[in-house]
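Sequential numbering from 278 applies to the sequence shown in our numbering. One structure is given here, and the rest of the page talks about it.
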Amino acid sequence: MPLREQRFSPVTVAGLTSANRTWFALVTSIMVLASCGPDATERGRNLAPPSSSPTLAPTPDVAPGVAAIGDTSQLSPMLRRAFDPAADFTPMRDPGPDDWLAQHPESPQTFADFLAADTRVPGPQRRVIYLLPIGEFPRDAPPLASLSTIVHAFFTLEVRVLPAVKLADVTAKRRIHPATKKSQVLAPDVLRWLTRRLPEDAFGLMAVTMEDLYPQESWNFVFGMASLRERVGVQSFARQDPAFFGDPRGDGWQRLMLRRATWTLVHEISHMFGLSHCVHWECVVAGSNHQAESDGRPLHPCPVCLRKLHSSIEFDPAERELRLAAVLEQLEIKDEAEWSKRRAAWIRDGTR
Ligand SMILES: [Zn+2]
Ligand SMILES: [Zn+2]
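The structure is reproduced here in structure tokens:
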């Protein structure tokens with residue numbers, strides 16, 4: 278089965294390999310499922326004229342991760358700096374045997390590939406990202422108010438948190454995990470349930486839950502899933518809490534959990550815009566096979582993924598980084614706050 282994220286029927290999941298088809302395999306993948314459905318694009322993408330389209334073919338002396346950004350020579354100096362990979366970004370490390378790309382050798386999606394794909398863009402009537410809590414959230418769960426401010430700053434779209442829905446009200450298959458003995462919810466069922474509840478003005482609807490998720494019977498679990506076409510996703514915080522595995526929570530565990538929840542949340546919502554997994558850079562949109570791999574990745578997108586998001590949302594990239602810096606600083610995610618502050622200065626006027 279092809280391993281690249283593709284458009285599957287609602288009952289098919291991308292990325293399964295025979296090695297994954299075991300209950301106890303060390304598999305903690307973040308999956309992307311895309312279901313077939315009617316085209317719901319609100320408006321045409323605001324494409325640059327052909328003369329400025331990123332059509333340059335990769336040349337032998339340009340690294341694929343740089344070539345994937347495309348030609349930026351016709352863009353404004355500010356945008357050229359925003360998509361300049363020269364500093365502040367780390368090329369993708371060689372994967373270890375349990376890492377995502379070792380298990381799922383996906384094809385790259387260049388910026389030009391992204392523009393050519395049938396992706397979703399926010400329209401004037403559909404510009405809200407909704408977060409929908411499902412089930413119980415204990416007091417020490419990642420605060421949805423904090424997560425919504427991060428999502429707002431990251432995507433520069435309005436974010437609204439919907440009233441919580443009881444798990445029993447969601448039509449989704451459940452099972453007991455044979456090893457953890459904990460309940461799990463079938464994520465594709467949740468996605469199908471969500472597609473019928475997408476608000477009129479929603480660009481996307483992201484369910485969040487403390488329930489553990491699984492993508493299909495042969496899989497151990499999944500952190501989250503999102504549709505590339507239907508603009509819905511679901512994410513579990515359950516395994517991002519050290520206590521899930523009986524480990525001590527330790528100092529700063531809530532900050533750690535918030536960071537993990539943020540990583541998965543912006544990763545999954547990025548998929549709603551049609552972004553496939555990033556393969557060239559250490560990036561928030563890169564696939565992740567286990568928590569340590571996610572923990573080692575930044576919370577920010579690489580220049581390729583930033584350019585894709587920018588082409589869909591058309592934000593001011595310097596203003597976006599400044600607002601992100603303020604939110605991340607307030608939430609004590611200091612390294613990323615510093616990174617965004619530094620990027621804002623560079624993008625605005627070339628200050629390093
Ligand atoms: Zn993913
Ligand atoms: Zn990327």
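Glycine included, every Cβ here is placed at the ideal spot set by N, Cα and C.
With contacts defined by Cβ atoms closer than 8 Å, LEU505 and GLY564 do not form a contacting pair. Under the DSSP assignment, PRO410 falls in the beta strand (DSSP E) whose first and last residues are 405-411. VAL398 sits close to SER589, with the two beta carbons spaced by under 8 Å. A contact between stretches requires three or more CB pairs, one per stretch, nearer than 8 Å, and the stretch 592-603 fails this requirement with the stretch 559-574. Distance check between GLN517 and each of LEU356, THR539, LYS450, VAL509 places THR539 closest, using alpha-carbon atoms only. When the Cα atoms are used, ARG403 and ARG437 turn out to be separated by approximately 13 Å. A direct Cα-Cα distance of roughly 46 Å separates GLY347 from GLY523.
Here the C-alpha atom of GLU413 lies approximately 8 Å from the C-alpha atom of ALA441.
With a minimum length of 3 residues, the unbroken runs of beta strand (DSSP E) contained wholly in the stretch 503-583 fall at 509-513. In the three-state scheme derived from DSSP, where H, G and I count as helix and E and B as strand, THR472 is classed as helix. With a cut-off of 7 Å, the C-beta of TRP558 is classified as near ligand 2, since at least one heavy atom of the ligand falls inside that distance. Judged by their CB atoms, MET502 and LEU542 are not nearer to each other than the 8 Å cut-off. DSSP, read as helix, strand or coil, puts THR486 in strand. Exposed is the label assigned to SER353, since fewer than 16 other Cβ atoms lie within 10 Å of its Cβ. Sequence-distant Cβ neighbours of ARG370 in its own chain, meaning closer than 6 Å and more than five residues away, do not exist here. Ranked by Cα distance from GLU383, the options ILE453, ARG451, HIS554 are led by HIS554. For GLY564, the distance from the CB to the nearest heavy atom of ligand 1 is below 7 Å. In this model, VAL511 and ALA464 are separated by some 7 Å (Cα to Cα). The bridge partners DSSP lists for VAL462 are ARG451, LEU490. In the three-state reduction of the DSSP assignment, GLY400 falls in the strand class, which pools E and B.
If you draw a straight line from the Cα of GLN380 to the Cα of GLY373, it comes to about 9 Å. In the displayed model, VAL339 falls within coil according to three-state DSSP, outside both helix and strand. At least 8 Å separates the beta-carbon of MET355 from that of ILE546.
Taking the CA atoms as reference points, VAL581 sits about 30 Å from PRO420.
By the Cβ criterion, the stretch 596-615 is in contact with the stretch 414-433, since at least three pairs of Cβ atoms, one from each stretch, lie closer than 8 Å. Judged by DSSP secondary structure, VAL436 falls outside any alpha helix (DSSP H) and instead within the beta strand (DSSP E) spanning 435-438.
Within the same chain, and ignoring the five residues on either side of THR349 in sequence, the residues whose Cβ sits closer than 6 Å to its Cβ are ARG357, PHE360.
Take the alpha-carbon of PHE514 and the one of LEU424: they are about 12 Å apart. ILE427 and GLN531 have their C-alpha atoms some 16 Å from each other.
Sorting PRO476, GLN386, VAL499 by C-alpha distance to the C-alpha of VAL462 places VAL499 at the top. Leaving aside the five residues that flank GLU609 on each side, the residues in its chain whose CB is nearer than 8 Å to its CB run, in chain order, ARG532. When secondary structure is reduced to three states using DSSP, PRO362 falls in the coil class, being assigned neither helix nor strand.
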